[in-house]
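To start, the structure under review is shown below, and the notes come after it.
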Amino acid sequence: MEFRTFVFYFLSAILVFAALRVVTLRNPVHAALHLVLAFFSASGIWILLQAEFLAIALILVYVGAVMVLFLFVVMLLDINLDRLREGFWSYLPLGAIVALLIVAEMGLVLGGMYWGILEGDVPQVEAGFSNVQAVGRLLFTEYVYPFELASVVLLVGIVAATALTLRDKRKSKSLSPSEQVFVKAKDRVRVLQMPAEKND
Amino acid sequence: MTLAEMQFVLPELRIASAEIFVLAMTCLILIVDLFVKDKRRTLVYVLTQLTLVGAAATTMAVSTGDISYTFSNMFVSDSMGDTLKLMVYLSVFAVLLYSRTYVLDRPQMAKGEFYVLSLFATLGMMVMVSANHFLTVYIGIELLSLSLYAMVGMNRDSIPSTEASMKYFVLGALASGLLLYGMSMVYGATGTLEISTLSAGLLEGQGNGIILAFGLVFLVSGIAFKLGVVPFHMWIPDVYHGAPTAVTLFIASAPKLAAFAVVIRVLVNGLIVASHDWQIMLLVLSVLSMAVGNFAAVAQTNIKRMLAYSAISHMGFMLLGMATGVIGRDAQFVVNAYSSSMFYVVTYVLSSLGAFGTILLLSRAGFEAEEISDFSGLNKRNSWYAAIMMMMMFSMAGIPFFVGFFAKFSVLQAVVVAGHLWLALAAVFFSLVGAYYYLRVVKVMYFDPPADNTPIKAPGEVKLLMSANGLAVALIGISPNALMILCATSLNDSISFFR
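Pasting the structure below:
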């Protein structure tokens, strides 16, 4: 087996394993860690195909976004942070394995020139070829129709989220200066006339 | 070819002008809705209906009857697409008109988002109908589904509604995943996602057969979910039941047309070479749907659930036609079978509009007509509405001479011609089971004493459209030829198999 093929199967196996664990693990922290691993492996496969831009975008957007998502999970599920910290040592082996695998993948891909895995049947590009430029050109020419529609899908997402969550127009505690200026004393202060109490 | 040599042809926007018009109007309505006061909210409704009318006019104006492509062959315009789009506009128009009072009575839905999301869903259906690329098929489906998920959950304070929305969302995401996986497999097998290139390549014998068959399973599963046929039907009863009735009416009508178009585009236009494989899959789905749909509907007491199971069985019946098209290489059988399916789905949408429209009529502020018993004595309360509902039920049951009978008849004809006599017998048997629960509604309407005597109030235009809907079901039943010929010619002009 060629080394290139080996790298591909290595990355794919980790990807599938990590994806399976994301679904099967009960602990949200473990699941999120595996999700990071899955994204990392996928971006490694993309780099094998010389699509660096997509790979970097995957890391930036997904791994970044997933970390945010992870924080939300911690916040929303009301996980006790002290208890999480207690479990630090029990998480460490898993975290270390994930980290080691990521480092190994990075080494395999970044050391690609040395191992000679970037040669093969992937079309070779001339020097100075920009992945970003190529993707951008395709998006705005050949794929402009689905690209525009994708923006409509995002717009639907905004409208749907608003329709489902916005309860009332004025629920926030913002102040209206124009109304405040016109407030009169009798709007706020009520002067009561009470009969004096007799002290016996 | 390097990138510098790549020539980009500016897309011809005229062909897609209906889509562009709907999108522009939707964005406009979204902005108008921000500034309009609650009292003038009718403006949003009127603008929405005008958009649909305008879209119909645009589609008619640019329709040529020829197959033309634009947007780098991602968009196709042909007469099947134009016909189905016009049907989609018509049914969305009817849905919005029928549900006007229902929506006004429910303050949570009376906001402009209901109309904006309806238009976005319409746009999604238009994209699905005229897709010539797996990517556009997928994005169209997502656009439609995302709008529907939100509309189902719009009645936020009702637990069934929220639950239905959540179920629909989770299962819909799963189905989209299946569909995408199938598409990526087909891409892996053939190296293209463009439907017309795909079929041309496959006809020349390119492509990896095993991977293609593997992808096909996922594609068919994804589409089956969107159609709602067994065993991918689990969401249908809960969503039909839980959604506000206006949204149920929406889901039960126009999306069926769009799903039919996707079946034609993806399976027939794209993967006709693999027809031997997908015909068997569709046959299994179809028989299972007719069995489960009809038997489960018998046990329902909630009319929305009953009609949901009936929708499952109808989609199964429609798939029978799709599953028996290709016999040898004779184009005549294909056009007969597929046009009978198209006729079936169009007439089903007509009857479904009328049936859910009547349920909407019986609902009022603070009261949802959901049980079959809510229809008891409808004849004494309003004999015309009872008559319309009876026609819808007769049509769905396939009683001659209503339109549903001819739809069933033409599909069965295609099945018998294909040589599946046992299948035709099974379909007739399941339809007989189905007749029981349709006739039960008629019995409740005509022979049971009315449970409540609240007068049924409806605006004039609703009465008019409802009557037209009822008469259409009866009149097309008497002379179905015009619609059948329309379906046959538009399919004949559009399926690339014949060229």
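Chains as they are written, first to last, in the numbering used here: chain A, 1 to 200; chain B, 201 to 699. Glycine included, each C-beta is placed from N, C-alpha and C at the ideal position. For clarity, every value in this text was computed on a predicted model and none was experimentally measured.
Around the beta carbon of B:Leu560, 16 or more other beta carbons sit within 10 angstroms, so the residue counts as buried. Any Cβ of chain A closer than 7 Å to the Cβ of B:Met325 would place that residue at the interface, and such an atom is absent. Within the segment 438–466 of chain B, complete beta strand (DSSP E) segments of at least 3 residues are not found at all. With contacts defined by Cβ atoms closer than 7 Å, B:Ser576 and B:Asp648 form a contacting pair. Residue contact with chain A for B:Met366: absent (no Cβ-Cβ distance below 7 Å to any residue of chain A). Assignment of B:Asn669 by DSSP, reduced to helix, strand and coil, places it in the helix class. The beta carbon of B:Ser330 sits closer than 7 Å to those of Phe275, Val276, Ser277, Gly281, all from its chain and outside the five residues before and after it, given in chain order.
Within its own chain, the residues whose Cβ lies closer than 6 Å to the Cβ of B:Ala459, once the five positions on either side in sequence are excluded, are Lys426, Leu427, listed in chain order. Taking a Cβ-Cβ threshold of 8 Å, the residues of chain B close to A:Thr162 are Glu313, in chain order. When the five nearest sequence neighbours on each side are left out, the beta carbons in the same chain lying within less than 6 Å of the beta carbon of B:Gly401 are those of Thr390, in order along the chain. The residue among A:Gln50, A:Ala51, A:Phe17, A:Trp46 with its C-alpha nearest the C-alpha of A:Leu35 is A:Phe17.
It is roughly 24 Å from the alpha-carbon of A:Leu175 to the alpha-carbon of B:Asp233.
Contact annotation for A:Thr141 against chain B: Phe208 [CB-CB distance below 7 Å, chain order]. Residues of the segment 343–358 of chain B with a C-beta less than 8 Å from any C-beta of chain A: Leu343, Leu346, Ser347, Tyr349, Ala350, Gly353, Met354, Arg356, listed in chain order.
In terms of Cβ geometry, A:Leu15 and A:Ser43 do not form a close pair [threshold 7 Å]. As a beta-bridge residue in DSSP terms, B:Ala331 pairs with B:Phe275. The count of Cβ pairs closer than 8 Å, one atom from the segment 340–350 of chain B and one from the segment 147–161 of chain A, reaches three, so the stretches are in contact. Following the DSSP letters along the chain, one finds B:Thr270 inside the beta strand (DSSP E) bounded by residues 268–270. A residue is called buried when at least 16 other Cβ atoms come within 10 angstroms of its Cβ; A:Leu192 does not meet this threshold and is exposed.
Counting C-beta pairs with one atom in each stretch, the segment 462–470 of chain B and the segment 597–606 of chain B have fewer than three that are closer than 8 Å, which means they do not touch. Counting only runs of at least 4 residues, the segment 403–430 of chain B fully encloses the following alpha helix (DSSP H) elements, listed from N- to C-terminal order: 409–427. Against chain B, a Cβ distance below 8 Å from A:Leu149 picks out Val327, Thr336, Ile339, Gly340, Leu343.
Ranked by Cα distance from B:Val546, the options B:Ala672, B:His433, B:Ile695, B:Leu343 are led by B:Ala672.
Residue ranges of uninterrupted alpha helix (DSSP H) with 4 or more members, entirely inside the segment 570–612 of chain B and ordered along the chain, are 578–581, 583–597. Interface criterion not met: the Cβ of A:Tyr9 is under 7 Å from no Cβ in chain B.
Judged by DSSP in its simplified three-state form, B:Arg564 adopts strand.
Taking the C-beta atoms as reference points, A:Pro146 is found nearer than 7 Å to B:Ile339.
Here B:Tyr538 is buried, its C-beta having at least 16 other C-beta atoms within 10 Å.
Around B:Thr397, the same chain offers Asn273 as residues with beta carbons nearer than 8 Å, after the five sequence neighbours per side are excluded.
In this chain, B:Met354 is not harboured by any alpha helix (DSSP H), its DSSP state being neither H nor E. B:Val526 sits close to B:Ser475, with the two beta carbons spaced by under 7 Å. Counted as a single uninterrupted DSSP element, the alpha helix (DSSP H) harbouring A:Gln180 occupies residues 177–181.
Taking a Cβ-Cβ threshold of 9 Å, the residues of chain A close to B:Leu230 are Leu155, Val159, in chain order.
Taking the C-beta atoms as reference points, B:Leu230 is found no nearer than 7 Å to B:Val292. Rounded to whole angstroms, the separation of the alpha carbons of A:Ala19 and B:Asp305 is 47 Å. The DSSP assignment places 268–270 as complete runs of the beta strand (DSSP E) inside the segment 228–273 of chain B, in order along the chain (cut-off: 3 residues).
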